[in-house]
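Peer 1:
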Amino acid sequence: MKTLRALAALLSYPTRELVDALPEIRDVIDREAVVPAADRDRIHRLIDDLAAGDLYDRQERYGLLFDRTRSLSLHLFEHVHGESRDRGQAMVDLLKLYEEAGYTPTASELPDFLPLFLEFASTRAPREAVGLVGQPANVIAALRERLAKRQSPYEAVMAALLSISKARLDAKALEALRAEPDPEPDDLAALDAAWIEQEVTFGPGAARDNCPVVRMAERLRVATETNPGVRP
């Protein structure tokens with residue numbers, strides 16, 4: 001599904017190469033038409049925004065959103081494991097899954113980086129790809145809400161991913177994600193506090209002992225599991 005690769009590109013750090021590829025990205029999304037028309041219109045606005053704006057301004061905006069603000073991190077396990085040692089094992093398991101599927105990710109990104117994950121999903125058969133995108137749907141939904149609150153055009157990509165996956169969201173899991181600190185990028189004290197917050201926990205062993213290596217869904221499903229002991 002080339003659309004997933006196109007959406008992955010739009011979530012990547014803005015470079016001159018990305019800007020040059022925007023017409024092709026637009027064409028892929030329109031030609032496959034797996035994204036509903038309303039969501040495509042918003043994707044078009046993001047593409048226009050990236051194409052028309054000053055590249056350095058767009059790069060600064062990207063860094064403030066996704067690199068500086070933990071609640072907007074594009075690393076999926078950041079929202080599940082935080083900095084716990086479980087995250088390291090989850091990374092190893094996910095990387096192994098990629099390799100066993102014949103996919104060699106770039107060495108410059110961690111395996112749970114959402115654009116990289118979408119690149120991998122784009123190499124799978126359509127039904128499998130849709131299922132993969134649906135696994136972290138609660139995290140994607142939380143990211144969409146936070147981007148919408150900031151009136152960011154990147155919200156369109158999260159909306160498109162949710163439309164593609166047609167995943168059913170878990171209200172309790174989503175509420176736990178909403179409870180994460182969500183400071184603005186210019187609030188340095190709040191940002192520091194958010195980065196030292198204890199990781200979200202979904203119950204003893206939920207992310208460690210009961211997750212078979214061969215199934216990425218078991219790792220990503222942690223984001224949709226609920227437990228009354230979730231730390232707000």
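With my numbering as the guide, the letters of the sequence shown map in order to residues 1 to 232. We treat Cβ as the ideally placed atom computed from N, Cα and C, and that holds for glycine.
Tell me the DSSP bridge mates of F77?
Peer 2: Paired residue(s): none; F77 is not in a bridge.
Peer 1: Would you kindly work out how many angstroms separate the C-alpha atoms of M158 and L72, rounded to a whole number?
Peer 2: Between M158 and L72, the C-alpha separation is close to 12 Å.
Peer 1: Measuring only the C-alpha atoms, how far is L11 from V133?
Peer 2: One C-alpha to the other measures close to 15 Å.
Peer 1: Measuring straight from C-alpha to C-alpha, what distance separates V130 and M1?
Peer 2: Distance between the alpha carbons of V130 and M1 is about 9 Å.
Peer 1: For the alpha helix (DSSP H) that contains Y56, what are its first and last residues?
Peer 2: 55-62 is the span of the alpha helix (DSSP H), which, as asked, contains Y56.
Peer 1: Across which residues does DSSP place F113 in a beta bridge pair?
Peer 2: Partner(s): H75.
Peer 1: Taking the continuous alpha helix (DSSP H) assigned at T15, which residues delimit it?
Peer 2: Premise fails: T15 is in no alpha helix (DSSP H) and is neither H nor E.
Peer 1: Indicate whether L64 and P115 have their beta-carbon atoms separated by less than 8 Å.
Peer 2: No, Cβ-Cβ distance for L64 and P115 is not below 8 Å.
Peer 1: Using 10 angstroms around the beta-carbon of P14, count the other beta-carbons present and answer buried if the total reaches 16, otherwise exposed.
Peer 2: So P14 ends up on the buried side.
Peer 1: Between E109 and the rest of its own chain, which residues show a CB-CB distance below 6 Å, the 5 nearest in sequence each way excluded?
Peer 2: Cβ neighbours of E109 beyond the five flanking positions: L116.
Peer 1: Going by the CB atoms, is the gap between L18 and A156 shorter than 8 Å?
Peer 2: No, Cβ-Cβ distance for A156 and L18 is not below 8 Å.
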